[in-house]
Ligand SMILES: C[S@@+](CC[C@H](N)C(=O)[O-])C[C@H]1O[C@@H](n2cnc3c(N)ncnc32)[C@H](O)[C@@H]1O
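Numbering (this note's numbering), first residue to last: 417 to 762.
As structure tokens, then:
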């Protein structure tokens with residue numbers, strides 16, 4: 417049957433090829449055809465990213481196995497050696513523990529191998545984690561074993577409605593295609609009864625309690641000046657073709673949504689999460705300066721949330737005093753400056 421169809425279609429295919437070759441012999445038509453081919457190729461690449469690669473890239477190599485620390489991102493990626501120190505998990509866990517003082521239950525979405533879940537459990541919180549990566553969930557940090565599940569933000573997460581006082585999504589929401597962000601935020605809202613805390617690479621004026629963002633490292637180097645010139649009125653998201661690439665030509669670490677603080681804040685509001693600059697200011701003050709500049713953070717609450725969820729926990733206890741480790745905090749402690757520095761200007 418297939419062979420018969422192929423035989424019948426032969427004259428049409430041959431005729432079309434002949435016609436295309438004659439058209440391509442005209443210089444103007446050849447230029448137009450080349451343009452069409454480039455667009456089709458781009459669309460195929462984008463389509464592949466937004467369907468298959470969106471989830472299939474989070475395998476062993478993403479989490480460091482066989483990865484060259486100096487190779488695919490010129491040494492910039494902490495994931496070449498994914499551990500509690502290089503991933504800043506101790507600081508991330510400490511910040512959640514400290515900031516959401518009235519919270520008992522926490523869900524870390526996009527938890528990878530559960531390093532933050534492990535830290536939170538060590539600090540006495542009832543923490544769970546989920547991730548789209550089967551590999552990550554099957555290779556849990558020791559203290560997170562039994563508390564990680566496979567879950568795709570674009571599906572239904574394996575938890576009841578309102579199951580968690582606090583939901584965190586650290587460096588994860590930018591891995592979703594822009595068109596799917598609202599759906600994912602609605603799913604986070606479903607499982608959250610108190611606060612949502614996210615870190616997302618963002619650009620433009622902060623509008624909350626932390627420093628402004630920028631586009632460097634987030635868009636292709638040759639497009640940085642263009643986006644800087646657009647100024648504060650541009651919200652993004654940055655088109656797929658302008659996203660920063662690794663040496664293979666793939667969006668860096670799978671970052672698909674690069675947008676301004678204003679864009680993300682509006683998306684959070686549409687899903688029922690109100691941003692809390694006062695809480696963000698406290699968080700930024702608990703970060704050493706390098707991390708305060710690097711983490712674009714969003715602290716939000718849902719309507720009617722118990723205010724105790726965002727109450728400061730044990731302000732006297734620094735990260736180092738809790739027995740956690742991080743070279744920058746240890747240096748600050750030795751210098752006698754403690755963790756909490758002066759609140760940044762807003
Ligand atoms: C950059 S890593 C961040 C890991 C960890 N939160 C951290 O801060 O170190 C992004 C994580 O998001 C996960 N992820 C990507 N798309 C996801 C989705 N649709 N649903 C859940 N997790 C997703 C990846 O598997 C990966 O573990």
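Beta carbons are placed, not taken as given, at the ideal position from N, Cα and C, and that holds for glycine.
Determine the contact status of residue i and residue j, defining contact as a CB-CB distance below 7 Å.
i           : j           : result
residue 745 : residue 738 : no
residue 519 : residue 583 : no
residue 625 : residue 693 : yes
residue 690 : residue 726 : no
residue 667 : residue 659 : yes
residue 543 : residue 566 : no
residue 618 : residue 504 : no
residue 709 : residue 627 : yes
residue 471 : residue 548 : yes
residue 673 : residue 587 : no
residue 506 : residue 707 : no
residue 555 : residue 533 : no
residue 677 : residue 633 : no
residue 592 : residue 600 : yes
residue 511 : residue 699 : yes
residue 687 : residue 550 : no
residue 462 : residue 684 : no
residue 439 : residue 448 : no
residue 557 : residue 531 : yes
residue 585 : residue 526 : yes
residue 643 : residue 631 : yes
residue 420 : residue 670 : no
residue 607 : residue 569 : no
Report, in whole angstroms, the separation of the C-beta atoms of residue i and residue j, which I expect to be a contact under 8 Å.
i           : j           : result
residue 524 : residue 545 : 4 Å
residue 514 : residue 697 : Actually they are not in contact, since the Cβ atoms of residue 514 and residue 697 sit about 13 Å apart, beyond 8 Å.
residue 509 : residue 466 : With a Cβ gap of about 32 Å, residue 509 and residue 466 do not count as contacting.
residue 714 : residue 680 : 6 Å
residue 479 : residue 528 : 6 Å
residue 721 : residue 610 : 5 Å
residue 639 : residue 661 : Not really, about 11 Å apart at Cβ, beyond 8 Å.
residue 559 : residue 538 : 6 Å
residue 501 : residue 664 : Not quite, the Cβ-Cβ distance comes to about 27 Å (not below 8 Å), so this is no contact.
Since residue i is in the beta strand (DSSP E), which residue starts that stretch and which ends it?
i           : result
residue 716 : 713-717
Using DSSP's beta-bridge definition, name the partner residues of residue i.
i           : result
residue 546 : 525, 565
residue 611 : 582, 717
residue 675 : 618
residue 589 : DSSP output for residue 589 lists no bridge partner at all.
residue 690 : 717
residue 635 : 659
Can you name the start and end residues of the alpha helix (DSSP H) that residue i belongs to?
i           : result
residue 425 : 418-440
residue 777 : As displayed, the chain neither begins before 417 nor continues past 762, which places residue 777 out of reach and without an answer.
residue 457 : 443-464
residue 501 : Element bounds for residue 501: n/a, residue is neither H nor E.
residue 537 : 531-538
residue 708 : 705-710
residue 509 : 505-515
residue 642 : 640-646
Quick one: does residue i have its CB under 7 Å from some CB of chain B?
i           : result
residue 735 : Absent here is chain B; the protein component of the structure consists of one chain.
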